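Protein chains in written order, with this note's numbering: chain Y, 10 to 582; chain C, 28 to 926. Cβ atoms here follow ideal geometry from the backbone N, Cα and C, with glycine treated the same way. In this text the structure is predicted, and so the values were computed from the model without any measurement. The next block holds one structure in the form of structure tokens; read it before the comments.
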């Protein structure tokens, strides 16, 4: 008799065959928030109605975004002969032509396409293969392996591509302790910013014999310039769900929460659908896949709060309270959500887990650097030629990422400043561009991989204005609980305002440093402790510019505005 | 582990008790670490960061908040290194940039008055000298302790927020708030009201009510706990707002039998200017209530009686004590003992009560003496008969550990407020509550089961619960076997309480009775709070029997966090009873004395009126009785409807002008202390009675001090043996006290050798107590009704709740009275005066039961506006009445609309 998983796999392969048969073409439109923002919805509708009305022999699916945001809306067509051709920046009006010529007549529009895959290249002329594009070739896609390949709302497509094999293996062949050991051995470090070894963290929770234990997944992701957590959930939710179930099994937990910030609509929708689908086929609930392991999961939403992403504030938020951080100890593994033992991981951390369990810890350990195994999912935005979401092996230098993948800035210009890892982390100047992307190397450079966002600024960027913008964000998002953060951010912002208006005194530099140092030493949680980082690192890399600003040499503020100041509105009651 | 953690603070070896944080351990050793958000007896918060210290534990150095961090064994804590001092200064400097502090750098701050001209150009609104808390500001003290230099380069902004001065009793000025959240936390985690909350976040985070409403709508019980914890001038009592205190005196609140220990702040004129709960108070743990916190100031009032008066030609004229005493000895002398009566003051001390009892017995020789608010006599007497004390078996704060609670025919949140605080805590922490009451009260809102029976059927219901417990074998069998006498008889008698019959008589479904029984019997420790609201003497006796039997079979007498707590009135009613100020054999109690006056059986009386209200519904007919008297002598603090009928009025001292003892409902004997200078010619109760007694030729009244009287009390009554004023200086003691210890007896029947006698219950008698065929009005009151809209109006700048009431009626009564849902009706007392009016809703569960639920905010504004200096005796309780329903006519409607 086939096991429950074997039955599922059979169904999944049958479904996959419906799309990839040698009889029908498969038109895939990259969706996700970035795709939809550039019009993927309209493109999808257009292709769908064209295929329906013309009776073309093709399936049309909205799949996850591949991450090549400069190409969006992106459409690709897999023909029955196995050759797949990719079109970028597709307009809805082009659907008719593409369907008629490519699907019906078998002639891809080579001058519109940007890459192909499959086949021997004979039918695609001089088109480069997808794998040869620098935006793909430098990637090592683990957590993002299904991006652009599968429909995120189709559980069976995920299973067809090897999904839930890891869970099945965990439940049938491994003890919880073995999984914790495996994750420890893989060297997987938390991707939420603190880079704490995930397996060690799981090991804190696992021994507790409490009848109710929680594993939480954090997708607050409020950092400007970061979209990889949301990306994973909206483009391939099951890789997270599977990771969280394995996390639950490994720590013998009973409940899981996927915590998503209100307003991340596509991820919320995708996570809810994925959880429901998993319940429907017995991947969640009582006796998962016929094993003894039972596990419940649900989505919980924050209010509109950045600090809700702090692990203990997140627990307060799930409990329905103000999202303000708790003091530690007690630590979550002892008393977390509803005072029960709790483990919390970032989306990215959990998204690696299925592949680690499927392929073994050694495989993962071999990727990346000595101290940071695996990959980094980098979100490139700002003044960069090829913005997008790229999964690169740890150890690439920042310069390689910017120039080889990102294509640098426009010709004749120079990258001046990077804002890496979210607004609580540092600015980087050119001196730091040869730093490896690796937790330790980055932290030495005064920055952090953090959330993985890299915002690029060219020479027109005014560092003081950029700083003011970051501190305004931090100030606005302070939860207001501890005094140094609530008040310190306000004062730092006021000083930066003065600087931007050429009203600052030379003594203000010492003042802002004094405030920043008190915040760092005195604040309750990371939001305040790290709040001075942008300024500290700016002083390191752009000290001259800041001093020049204080001396009255003020370039027009304006990367983030048109030169008019937006004054803070929430500094004082 | 249980020995605590040994570590070092600034080189000094310190042992922290288990569970203590570094800050708490330091405070125990009197090592100063500044703090602003921490407050004793509340959970740490960790938000002000003023208490940061360095910790070196096994070579690991950390900078941590000492209020939230437990000490690590052998750690070195440094509280005063340069770095730490700088950090603290920087943080407090940030804080001062949003708090007015103009005077903090000025050496004249102690000398400068609010109206003085300032030559330093400090804006008036930024001056400390105009802050109500100028002399007692924790922020100012902290700034000075950390030696902060306030010539800060940081921008100072005044918030310019409006001051909330439109709610009763206290002002909120959030310009002075530092967002330490103490007030929010005390309201939530100590009082369980959550009337206050933090609003918004980041730089604009502040404190307020959750929807920005008035306090009247927010669920505030005006207990003032938030004021007591506020470190700045943001929250202040309105009366004496700017008054400076020169001394603090620990004393006892005399408004109800909880007997909260209070700290009275006294100004240089000897006036009591503030009253706050004493954290060291065993009965209240730092808490107080609306009447305690705000109802103290009558002692300072200008309209106090300052000299004796005698009636001449129909009017009271000033007189000397001698003259007044002569008139009294003439008025009371030469009468038959049976036609005289003495009512002692509800607030009267044990010494007063003892002397009064001695006076009635040896001088007047009358058996008619009672405490003026001994209206719960049947309840307390029966309890005394059953467990040997008309008082609680356990301590009040035992309740916080109870796992289940039952409240029967009482409204503790209003009448014994601070008793409800630990009960609410237990409920918040998971204890299940059963309420047996026909009225909607604050406790019914927290009840797991609210049994809302026909009025008068409460005893039957309690007995029914006992029956259900036996049915399901839920009794504590081991306890029943080893501790109880007479169980077989009780069990047999309970077989006649057939639950179907009980259900029919009480109007409560059998299934609900069973659920209540399970809740109470299945928990480890259950306490019962029992009152006699709406019960006549017979029913009050029955409810005590039923409650004691229930507590006994569930093993809840003699253990921790369990027991029986009587809910009664009068601050020192228990003390009065203990002192023998109660009717002797064949004597009349207070209610019979009043009816005796009306029937002309009582012709002359001495009334000690402190704490008595002539209008109080619980003493119905008192004033009309007084009219009939031939002679009335009154010792009173104020002119009142009682002195209006007096032939002689003597000026009485208040709680603030005497050293004497009172006994609270948990049997705690506590010491009142002199807080204010006594005014000329004003006498305490015992002094007054001694003078009268001597004027009438009595002997044995030549006491020189109250402590001398107390020695006599101590040698007269065994419960008061081994106690003295000196001993009580360091805190109250629960009687009885064994020789030589100061421990007293927190729990009665604590020894497993003591047997408890249960008694059989008589079904027919219980069922007879239930009255049928009457409309009974059971008014309710709650703190908050979030499900109903509330409109607040603001005539003359103050907030008033304005909303239409819903009159809950049973459909059957509606049909009988010819009213339909939505009709406007009057609820009128059978004697004709209107008790309530509003819109009919068919929501009453019982035929005959009419309910109207008002908001506590309405009561608070009413009390606040009352033009009676001593308003707390005038707090209306939720009394039952026999009523009729009357439709509001169209004419009356248009009249109301014209208003």
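>> Quick check on residue 228/C: does DSSP put it in helix, strand or coil?
In response: Look at residue 228/C here: in three-state DSSP terms it is coil, with no helix or strand label.
>> So if I threshold CB-CB distances at 8 Å, which residues from the stretch 467–490 of chain Y count as touching chain C?
In response: Flagged, chain order: 484, 485, 486, 487, 488, 489 and 490.
> Residues in the stretch 99–119 of chain C with C-beta within 7 Å of chain Y's C-beta atoms, listed in sequence order?
Replying inline: 114, 117 and 118
> If we cut at 9 Å on Cβ distances, does residue 304/Y have a partner in chain C?
Replying inline: no
> So with Cβ pairs under 9 Å, would you call residue 99/Y a contact of chain C?
Replying inline: no
> What in chain Y is Cβ-close to residue 258/C, meaning under 8 Å?
Replying inline: In chain order: nothing, as chain Y lies at least about 13 Å away.
> Given a limit of 8 Å on CB to CB distance, which residues of the stretch 520–554 of chain Y reach chain C?
Replying inline: 520, 523, 524, 526, 527, 530, 531, 532 and 533
> In terms of DSSP beta bridges, what is residue 88/C paired with?
Replying inline: 83/C
> For residue 225/C, which residues in chain Y fall below 9 Å Cβ to Cβ?
Replying inline: 331, 333, 489 and 490
> Of the residues that make up the stretch 223–239 of chain Y, which ones have a beta carbon closer than 8 Å to any beta carbon in chain C?
Replying inline: none
> Considering residue 49/C, what are the terminal residues of the alpha helix (DSSP H) in which it resides?
Replying inline: 49–55
> Using a C-beta to C-beta distance shorter than 7 Å, which residues of chain Y count as neighbours of residue 75/C?
Replying inline: 492
> From which residue to which residue does the alpha helix (DSSP H) around residue 826/C run?
Replying inline: Annotation: residue 826/C is outside any alpha helix (DSSP H) and is labelled neither H nor E by DSSP.
>> Let's see if you can read the secondary structure: which residues bound the alpha helix (DSSP H) around residue 473/C?
In response: Looking at the DSSP string, the run of the alpha helix (DSSP H) that includes residue 473/C is 469–473.
> Helix, strand or coil: how does DSSP classify residue 43/Y here?
Replying inline: helix
> Between which two residues does the beta strand (DSSP E) containing residue 264/C stretch?
Replying inline: For residue 264/C, the uninterrupted beta strand (DSSP E) segment begins and ends at 262–264.
>> Does the stretch 198–214 of chain Y come into contact with the stretch 347–365 of chain Y, if we say contact requires no fewer than three beta-carbon pairs (one atom in each stretch) closer than 8 Å?
In response: yes
> Cβ of residue 870/C within 9 Å of Cβ of residue 911/C?
Replying inline: no
> Is the CB of residue 96/C under 9 Å away from at least one CB in chain Y?
Replying inline: yes
> In chain Y, which residues lie with their C-beta within 7 Å of the C-beta of residue 85/C?
Replying inline: Simply none; closest approach about 16 Å.
> Nearest-angstrom Cα distance between residue 384/C and residue 541/C?
Replying inline: 47 Å
> Near residue 476/C, which residues of its chain fall below 7 Å by C-beta distance, leaving aside the five closest residues on each side in sequence?
Replying inline: 461, 539, 542, 543 and 546
>> Suppose contacts are defined by Cβ-Cβ distances below 9 Å. Is residue 259/C in contact with residue 204/C by that definition?
In response: Taking the C-beta atoms as reference points, residue 204/C is found nearer than 9 Å to residue 259/C.
> So, using beta-carbon positions, are residue 246/Y and residue 161/Y closer together than 9 Å?
Replying inline: In contact: residue 246/Y and residue 161/Y (Cβ atoms closer than 9 Å).
> Counting only beta-carbon atoms, is residue 230/C nearer than 9 Å to chain Y?
Replying inline: yes
>> Quick check on residue 429/Y: does DSSP put it in helix, strand or coil?
In response: strand
> In terms of residues, what are the limits of the alpha helix (DSSP H) holding residue 904/C?
Replying inline: Premise fails: residue 904/C is in no alpha helix (DSSP H) and is neither H nor E.
>> Check this for me: beta carbons of residue 75/Y and residue 395/Y, under 9 Å apart or not?
In response: no
> If contact means a Cβ-Cβ distance below 7 Å, which residues of the stretch 668–693 of chain C contact chain Y?
Replying inline: Cβ contacts with chain Y: none found.
> Roughly how many angstroms separate the alpha carbons of residue 519/C and residue 351/Y, rounded to a whole number?
Replying inline: 53 Å
> Mind pulling the chain C residues with CB within less than 8 Å of residue 516/Y?
Replying inline: 180
>> Given this structure, state the Cα-to-Cα distance separating residue 582/C from residue 440/C, to the nearest angstrom.
In response: C-alpha of residue 582/C to C-alpha of residue 440/C: approximately 26 Å in a straight line.
>> Among 112/C, 288/C, 148/C and 150/C, whose alpha-carbon lies nearest the alpha-carbon of residue 695/C?
In response: 288/C
>> Restricting to Cα atoms, I'd like to know which of 422/Y, 413/Y, 243/Y and 259/Y is closest to residue 189/Y.
In response: 259/Y
> Closest by CA to residue 286/C, which one among 366/C, 31/C and 277/C?
Replying inline: 277/C
>> Taking the beta carbon of residue 315/Y as the centre, do at least 16 other beta carbons fall within 10 Å, making it buried, or is it exposed?
In response: buried
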